Every structure is written in C-alpha cells, then in structure tokens.
Amino acid sequence: MRLGVVIFPGSNCDRDALAAAEIAGYEAVPLWHGESAVEGVDAIILPGGFSYGDALRAGALAATAPVMAGVRRFAARGGAVLGICNGFQILCEAGLLPGALTRNRDLAFHCHDVALTVVTARTPWTRALAPGERLVLPVAHGEGRYVVPPEELDRLEAQDQIVFRYEDNFNGSCGAVAGVCNRAGNVVGMMPHPERRVEAVLGGEAGLGVFRSLRLAAAGVTRP
Amino acid sequence: MRWRAVVAVELKPGVLDPQGEAVREALRRMGHDHVSDVRVGKRIQLLLEAAEEGEARARVRDICESLLVNPVLERYAFDIEPEGER
Chain A
1 MRLGVVIFPG SNCDRDALAA AEIAGYEAVP LWHGESAVEG VDAIILPGGF
51 SYGDALRAGA LAATAPVMAG VRRFAARGGA VLGICNGFQI LCEAGLLPGA
101 LTRNRDLAFH CHDVALTVVT ARTPWTRALA PGERLVLPVA HGEGRYVVPP
151 EELDRLEAQD QIVFRYEDNF NGSCGAVAGV CNRAGNVVGM MPHPERRVEA
201 VLGGEAGLGV FRSLRLAAAG VTRP
Chain B
225 MRWRAVVAVE LKPGVLDPQG EAVREALRRM GHDHVSDVRV GKRIQLLLEA
275 AEEGEARARV RDICESLLVN PVLERYAFDI EPEGER
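Those protein sequence lines, which keep their order, are chains A and B.
To convert, note that position 209 of the first sequence is 209 in this note's numbering; the numbers rise steadily by one, no gaps.
Adding 224 to a residue's 1-based position in the second sequence gives its number in this note's numbering.
Next up, the structure:
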C-alpha cells in the first residue's frame with residue numbers, strides 16, 4: 001500500500017508521518033500542497049504543523065490550497081484520509097469533518113502525553129484498535145478545543161462519529177472529543193500524534209495501531 | 225469602482241473565549257473590577273472593486289462566508305463605503 005503525506009507551507013510533522021508509514025510497512029510518498037492531482041496513493045495523511053503560520057484561523061488557509069481539491073475527490077470516492085493535529089484543523093475548516101478547533105480552554109500550548117479512549121473501530125484508521133481501548137499519545141497544540149453545537153454532538157454520538165475521547169479533558173473540548181470521523185467513517189481527524197509514538201526509541205509503539213489499521217481495513221477486516 | 229469594507233468578526237454567544245477571560249482577569253488586576261465580561265474579536269479591512277454597492281456587499285458576504293468567518297465558532301457584520309470618501 002502507498003500512503004501520501006501532504007506538505008503545506010508550515011507543515012512540520014510531514015517527515016514523522018512519512019517515517020511512521022514506512023515503519024508500519026507501507027510505501028510513503030510526499031504530496032505537494034500546490035498540486036491538485038492526488039493520484040497513485042491508497043490513503044492520505046494531512047500532517048501536523050502550523051500551515052500558513054495559522055493566519056486567520058489554524059487550518060483556514062490550507063483548506064483552500066489546490067491539493068485540497070484532490071483530497072476532496074479522494075475522500076468522496078471513499079479513500080482513507082487522516083488529519084493529525086493541524087491536519088484535523090484543516091479537515092474541519094475544509095468542511096470534510098464536522099465542528100471546529102479553537103484556543104485551548106486555559107490558553108496554554110499543551111505539549112505532553114495524554115490518555116485517550118478508542119470509541120469506534122469502524123474507521124480505516126482504528127480497525128486494529130478495540131472500542132474502549134486506552135492509548136497514551138503525545139499532544140502538541142494551542143488550538144485543540146473541539147467545538148460543536150450540543151445538538152450536533154448528540155448527532156455525532158448517535159451516528160458513531162466520535163473516534164477518540166480524552167480521559168482527562170485538558171483542553172475543554174465538547175464531549176472530551178479528541179478525534180472524529182465523517183458520516184461514512186473514511187475521513188478521520190485527531191489532535192494527538194500517533195506518528196510520534198511508533199518505535200521504542202520514541203517512547204513506545206502506542207501510535208502504530210492507527211497506521212496498521214489501514215492494512216486491516218484494506219483487507220476487509222471489520223470489527224464491531 | 226473601489227470600495228472599502230470593514231468586517232467585524234466575533235465569537236458567537238455561548239462559545240467560550242479564554243482570551244477575553246484572560247484580558248478580563250488582567251483588567252481586574254489593574255483595578256478595573258467594574259468590567260464583568262470581555263470578548264476578543266477581529267477587524268478585517270478589504271479594498272475591492274465592484275460596479276455598485278449591492279455587488280460590493282454580495283462579494284464581501286461571499287468572502288466572509290467562504291473564508292473569513294468559521295460559522296461553527298463565529299458571526300460577522302460589515303460596513304462598506306466608497307473608497308476615498310473620507
């Protein structure tokens with residue numbers, strides 16, 4: 001399988017995502033923000049960073065980049081797309097995921113490990129995980145407070161679109177949401193960084209399951 | 225003709241504004257304990273070409289809704305005037 005990682009001006013986790021994909025056993029290729037044709041990849045990652053220096057709102061300008069036309073077409077065909085941190089912000093700004101991400105409740109930039117609970121294994125990025133499973137992954141963000149109107153949060157819960165929740169809701173996210181997916185489940189966004197926890201030298205392999213999931217999903221393995 | 229639009233973007237009521245809260249706390253420390261609430265917004269100025277005011281307003285609305293404002297978090301209002309009139 002071939003995984004594409006989009007590089008925006010200001011992305012800074014693109015190499016980590018490429019390396020994590022390779023460690024998980026995939027071929028990994030960079031995709032350029034100015035190129036709208038997204039071809040020859042089986043999955044796409046929008047990595048973390050500070051695209052366009054977070055001008056206007058985090059992810060707002062990247063959402064208008066030429067590559068996003070290709071990402072949109074890829075997602076509409078059911079292709080697996082994962083936004084990590086800034087990538088999650090970009091997917092929300094592009095309207096590919098519901099809700100929005102804004103300033104953490106305490107205004108602090110949080111850069112530490114957090115405990116998450118896996119809520120659904122139905123997405124191609126969580127197939128190797130079990131609902132209720134606890135993961136400890138690093139976060140590094142100032143604008144990770146997930147906001148949705150209460151009635152929409154209820155709808156997301158009813159439609160199994162909550163993917164991860166924080167055990168301790170340190171940033172004040174609605175519903176303690178750390179990750180969500182679109183209705184179909186193929187587009188996932190998450191604030192924590194699985195690509196930073198994929199080998200012993202990085203503190204463990206807790207993030208590897210997210211990447212390994214793709215292969216199970218491609219093989220048609222389903223879990224409740 | 226050229227128009228100057230000034231767009232005010234603010235967080236919707238009910239959306240927590242930790243920045244406003246931090247400013248309020250600083251004001252309290254400075255002795256302004258009569259200030260009970262602070263909300264921080266943005267002011268965005270645009271110069272644009274349009275044949276008449278209706279067209280200019282429609283263009284600014286489109287720009288606000290497609291990029292300047294995130295409707296999940298924010299709402300907006302704008303004033304528009306022919307450039308060079310002041």
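Note that beta-carbon positions come from the ideal geometry of N, C-alpha and C, so glycine has one too.
Note that this is a predicted model, so its numbers are computed, not measured.
Taken through DSSP and simplified to helix, strand or coil, B/Asp-303 comes out as strand. For B/Ala-246, the closest Cβ of chain A is nearer than 8 Å.
The beta carbons of A/Phe-50 and A/Val-118 sit no closer together than 8 Å. DSSP places A/Thr-64 in the helix class (H, G or I) of the three-state scheme. Nearest to A/Arg-212 by C-alpha distance, out of A/Arg-183, A/Gly-25, A/Asp-106, is A/Gly-25. Among the residues of chain B, those whose CB is under 8 Å from the CB of A/Glu-93 are Asn-294, following chain order. For A/Cys-181, the uninterrupted beta strand (DSSP E) run begins and ends at 177-181, by DSSP. Taken through DSSP and simplified to helix, strand or coil, A/Val-210 comes out as helix. Classified as exposed, A/Arg-134 has fewer than 16 neighbouring CB atoms from the shown chains inside 10 Å of its CB.
Residue pairing by DSSP leaves A/Ser-173 without any beta bridge partner.
In this structure, DSSP gives A/Arg-2 an extended state, which the three-state scheme calls strand. Here the C-alpha atom of A/Met-191 lies approximately 22 Å from the C-alpha atom of A/Arg-215. By the neighbour-count definition (other C-beta atoms within 10 Å, threshold 16), A/Phe-74 is a buried residue. Closest option to A/Leu-18, judged by alpha-carbon separation, among A/Glu-143, A/Gly-220, A/Ile-44, A/Leu-96: A/Ile-44. Within a 10 Å sphere around the beta-carbon of A/Trp-32 sit fewer than 16 other beta-carbons, which makes this residue exposed.
Between B/Pro-242 and chain A, the shortest Cβ-Cβ separation is below 8 Å. In this structure, the CA atom of A/Ala-62 is about 6 Å from the CA atom of A/Ile-90. When C-beta distances to chain B are compared with 9 Å, the residues of the segment 43-61 of chain A below that value are Leu-56, Arg-57, Ala-60, Leu-61, in chain order. Interface criterion not met: the Cβ of A/Gly-87 is under 8 Å from no Cβ in chain B. A/Leu-56 carries a coil assignment under DSSP once its states are collapsed to helix, strand and coil. In the three-state reduction of the DSSP assignment, B/Ser-260 falls in the coil class, being assigned neither a helical nor a strand state. Under the Cβ distance rule, B/Val-239 counts among the residues neighbouring chain A, one pair being separated by less than 8 Å.
Within its own chain, the residues whose Cβ lies closer than 6 Å to the Cβ of A/Glu-93, once the five positions on either side in sequence are excluded, are Gly-59, Ala-60, Ala-63, listed in chain order. Look at the beta carbons and you see the segment 285-300 of chain B not touching the segment 75-90 of chain A: under three pairs across the two are nearer than 8 Å.
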